[in-house]
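S.K.:
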Amino acid sequence: MAFDPSIGKATQFRKGQSGNAGGRPKSRLLSEALRNRLAETKPHDSLGRSYAQIVAENLIEIACSEGPGAVHAASEIADRIEGRAPQSIAISELTADLQSRSDSELQFFLDHNRWPSDEERMLLAAVSSA
Numbered sequence: 024m025a026f027d028p029s030i031g032k033a034t035q036f037r038k039g040q041s042g043n044a045g046g047r048p049k050s051r052l053l054s055e056a057l058r059n060r061l062a063e064t065k066p067h068d069s070l071g072r073s074y075a076q077i078v079a080e081n082l083i084e085i086a087c088s089e090g091p092g093a094v095h096a097a098s099e100i101a102d103r104i105e106g107r108a109p110q111s112i113a114i115s116e117l118t119a120d121l122q123s124r125s126d127s128e129l130q131f132f133l134d135h136n137r138w139p140s141d142e143e144r145m146l147l148a149a150v151s152s153a
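Its first residue numbered 24, the sequence shown is counted upward by one per residue in the working numbering.
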């Protein structure tokens, strides 16, 4: 049986046509339902508070306690108020090392998968200055 290159052609997207023109939906059903529910006033609450207000107060109480969830609750509050801290990887030593290398040393590394020895570095410097 020979390969038929026309298989699947009818279902392929045309050039310039996106397969997901609308993109990711702007809201999620669960998130929207939670927002609506949190905005509602809790029945039989003597202060007439919304669910969101009650959850916020409980979270603050937990954060102010000495219980096992205090640190986690405080972290959640900080994330909501100030935004999450950016996640980064400490590569300052590697960055500094790479920035201190010459173009010829970097090329040498790419070609040989190792850094040049002191003698090779002197040869590279002589060739690049010539």
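Beta carbons: idealized from backbone N, C-alpha and C, even for Gly.
#1: For Ser151 and Asp141, what's the separation of their Cα atoms in angstroms?
#2: Tell me whether Leu139 is buried or exposed, calling it buried when 16 or more other Cβ atoms sit within 10 Å of its Cβ.
#3: Following the continuous alpha helix (DSSP H) through Ile100, name the residue where it begins and the one where it ends.
#4: Whole-angstrom Cβ separation of Ser73 and Ala62, contact assumed at under 8 Å?
#5: Taking all protein chains shown into account, decide if Phe131 is buried (16 or more other Cβ within 10 angstroms of its Cβ) or exposed.
#6: Quick one, which of Ile77, Lys49, Arg47 has its alpha-carbon nearest Arg60's?
M.R.: Considering the structure as presented:
#1: If you number the sequence shown from 1, residue 151 lands on position 128. If you number the sequence shown from 1, residue 141 lands on position 118. In a straight line, the C-alpha of Ser151 is about 15 Å away from that of Asp141.
#2: Position 116 of the sequence shown, counted from the start, is the residue given in the question as residue 139. Before going on, a small fix: residue 139 reads as Pro here, not Leu. Per the 10 Å Cβ criterion, buried.
#3: As a position in the sequence shown, residue 100 is number 77, starting the count at 1. Its alpha helix (DSSP H) spans residues 93-105.
#4: As a first step, residue 73 must be located in the sequence shown, where it is residue number 50. As a first step, residue 62 must be located in the sequence shown, where it is residue number 39. Going by Cβ atoms, the distance from Ser73 to Ala62 rounds to 6 Å, so yes, they are a contact pair.
#5: Here residue 131 refers to the residue found at position 108 of the sequence shown. By the neighbour-count rule (16 or more Cβ atoms within 10 Å), Phe131 is buried.
#6: Locating residue 60 in the sequence shown gives position 37, where the first residue counts as 1. For the residues Ile77, Lys49, Arg47, the minimum Cα distance to Arg60 belongs to Ile77.
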